[in-house]
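Only one structure is covered here, and it is reproduced in the block below.
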Amino acid sequence: MNHKVTQDDQLFNNIHIYCEGAKNEFFAVINDIPHRKGKEEEEGRRRSKRRRREKRTKRFRGRKRRRRRGRSRKKKKGKRTQRLRKKRGKEGEGEEKGKNNEEGKGVKEGQEEEQGDVDVKKGEGGGI
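Adding 49 to a residue's 1-based position in the sequence shown gives its number in this note's numbering.
See the structure below:
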């Protein structure tokens, strides 16, 4: 099929070429912005310091628990419930805290009475 190059085709080609050039220029400009990288690094460093200060103990506690899960699970369980009990005493809604944790699910024989007391406390405080 004979195709004559019309003014529309030339216009389209020019637009296409222009867009390609503009796109390349755009990315070149973005990649060459000098202050961008420094700001991100600074921000990241500042955030990690803050996070380290706030969450260091929590994070390591969780990591230890995960690592030891096979070996000393029973010993760990007792400590964990003590810690949760302490928390529940302070806050009214302690039950939500440890409810979904794998290790907190099972109730041992000796702990049932204490958990009953916790529920009574929670009821008085209007926990939810």
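Just so you know, even glycine gets a beta-carbon here, dropped at the ideal spot from N, CA and C.
Treat the numbers as computed from the prediction; the structure is a model and nothing was measured.
Under the three-state DSSP convention, the category residue i falls into
i	result
T55	coil
H65	helix
E142	Reliability fails at E142, whose pLDDT of 49 lies under 50, so the model's placement of it is uncertain and the value that follows must be treated cautiously. Reduced to three states, the DSSP call for E142 is coil.
Whole-angstrom distance between residue j and residue i, CA atom to CA atom
i	j	result
E69	T55	22 Å
F75	Q59	24 Å
D57	Y67	15 Å
N62	K72	15 Å
R137	Q131	10 Å
K53	H65	19 Å
Contact with chain D by residue i, beta-carbon distance below 7 Å
i	result
D57	Considering every chain present, this structure includes no chain D. It has just one protein chain.
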